[in-house]
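*Asks:* Residue numbers (the working numbering): 2 to 291.
1) Helix, strand or coil: which one does DSSP assign to residue 143?
2) Compute the beta-carbon to beta-carbon distance between residue 160 and residue 279, rounded to the nearest angstrom, for a pair I have assumed lies under 8 Å.
3) Report, in whole angstroms, the separation of the C-beta atoms of residue 158 and residue 185, which I expect to be a contact under 8 Å.
4) Closest to residue 246 by CA distance: which of 83, 200, 98, 85 is it?
5) Find out if the Cβ-Cβ distance for the pair residue 178, residue 154 is shorter than 8 Å.
6) In its own chain, which residues sit with a C-beta less than 6 Å from the C-beta of residue 142, not counting the 5 before and 5 after it?
7) Roughly how many angstroms lie between the CA atoms of residue 144 and residue 282, to the nearest whole one?
8) Among 101, 88, 224, which one has its Cα closest to the Cα of residue 252?
9) What do you get for residue 244, buried or exposed, if any count of 16 or more other CB atoms within 10 angstroms of its CB means buried?
10) Among 182, 222, 204, which has the Cα closest to the Cα of residue 271?
11) Rounded to the nearest angstrom, how far is the Cβ of residue 119 from that of residue 268, given a contact under 8 Å?
12) What's the gap between the Cα of residue 171 and the Cα of residue 123?
13) Can you tell me which of the three DSSP states residue 273 falls into?
14) Closer than 7 Å by C-beta to residue 248: which residues in its own chain qualify, once you throw out the five before and the five after it? Chain order, please.
15) Given a cut-off of 8 Å, decide if residue 275 and residue 137 are closer than it, judged by their beta-carbon atoms.
16) Under the rule that 16 or more other beta-carbon atoms within 10 Å means buried, what is residue 284, buried or exposed?
17) To the nearest angstrom, how far is it from the Cα of residue 84 to the Cα of residue 180?
18) For residue 191, name the three-state secondary structure that DSSP assigns.
19) Give me, in chain order, the residues of the same chain whose beta-carbon lies closer than 7 Å to that of residue 250; leave out the 5 immediate sequence neighbours on both sides.
20) What three-state label does DSSP hand residue 153 in the structure shown?
21) How big is the Cα-Cα spacing for residue 196 and residue 127?
22) Looking only at its chain, what residues have a beta carbon closer than 7 Å to the beta carbon of residue 332, apart from the 5 residues adjacent to it on each side?
23) From residue 239 to residue 221, what does the alpha carbon distance come to, in whole angstroms?
24) Buried or exposed, going by whether 16 or more other CB atoms sit within 10 Å of the CB of residue 191?
25) Quick check on this structure: which residue in 134, 149, 209 has the alpha carbon closest to the alpha carbon of residue 289?
26) Using three-state DSSP, classify residue 123 as helix, strand or coil.
27) Please classify residue 108 as buried or exposed, where buried requires at least 16 other C-beta atoms within 10 Å of its C-beta.
28) Rounded to the nearest angstrom, what separates residue 259 and residue 287 at their Cα positions?
29) So residue 193 and residue 261 are supposed to be a Cβ contact under 8 Å. How far apart are they, rounded?
30) Looking at the structure shown, is residue 214 part of a helix, part of a strand, or coil, going by DSSP?
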């Protein structure tokens, strides 16, 4: 009986140990499963992040590519305009288009020269009159002449000539001012007539190219004996291009011509007003010293 109980106790202990090991194995298995689930969740999250980043990178890349395409499309457009302008100029015919270009270059050269000259010819007449008056009161005629000598512009030249003839009387001063004023006015208008010539000449050259182009078109029709648009299209195209470029040159030069004329008128008006004030100044100085 004791042996049976001992055996039964041993069996029971063995079963408990087996159950404990089984439970530990199941717990370990559950932990492994849980760890694998967590790992799979983390992997899926990383994959989602990677896919989102890839999607963002692809979107940014597409936007950059679109911007590059837009820039590439705009750059050829600007280049195409200058290229088209050059091609049209060449297609207009080298002979007449060269004369139109020469008229533009010479006209612009005269325009630049006149604008620079007229800019330096402008004088602050009120300041000059005050300086001349102060010099007359303090140092006399010679001091006033020195002030005019050190001042640029036609107004100072007129004042200097008037002071130089002061000893001959006020009538002579008036005559000298009028004479020198006419000379200075001619200097201001020097070269302006050439600008007007190029303004008239440029469209005339264009019209001449038009007439010659139309003559060539009709010669082609006569030679072919048939009215074919492809025969006359070239001549008419040359005719229209020469006219267009001639008118463009005339318009550009006309704008600058009007600017130069306005500058000349402004300087002449200042010369006349300053001359009148200068004569009054000399009359007052003569009365004071007589």
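Think of the CB as a built atom: it goes at the ideal place given N, C-alpha and C, for glycine as much as any other residue.
Please read these numbers as outputs of a predicted model, since none were measured by experiment.
*Replies:* Result, derived from the coordinates:
1) helix
2) 6 Å
3) Rounded, the Cβ-Cβ distance is 6 Å, consistent with contact.
4) 98
5) no
6) 164, 167
7) Computed Cα separation, rounded: 15 Å.
8) 101
9) buried
10) 182
11) Their Cβ separation, rounded to whole angstroms, is 7 Å, which keeps residue 119 and residue 268 in contact under 8 Å.
12) Rounded to the nearest angstrom, the two C-alpha atoms are 26 Å apart.
13) helix
14) 204, 207
15) no
16) Classification of residue 284: exposed, given that the 10 Å Cβ count is below 16.
17) 54 Å
18) coil
19) 101, 104, 105, 203
20) Correct three-state label for residue 153: coil.
21) 32 Å
22) Summary: the structure shown does not reach residue 332, with the chain confined to residues 2 through 291, and so no result is reported for it.
23) 14 Å
24) exposed
25) 134
26) Look at residue 123 here: in three-state DSSP terms it is coil, with no helix or strand label.
27) buried
28) Between residue 259 and residue 287, the C-alpha separation is close to 42 Å.
29) 6 Å
30) Residue 214: helix per DSSP, three-state reduction.
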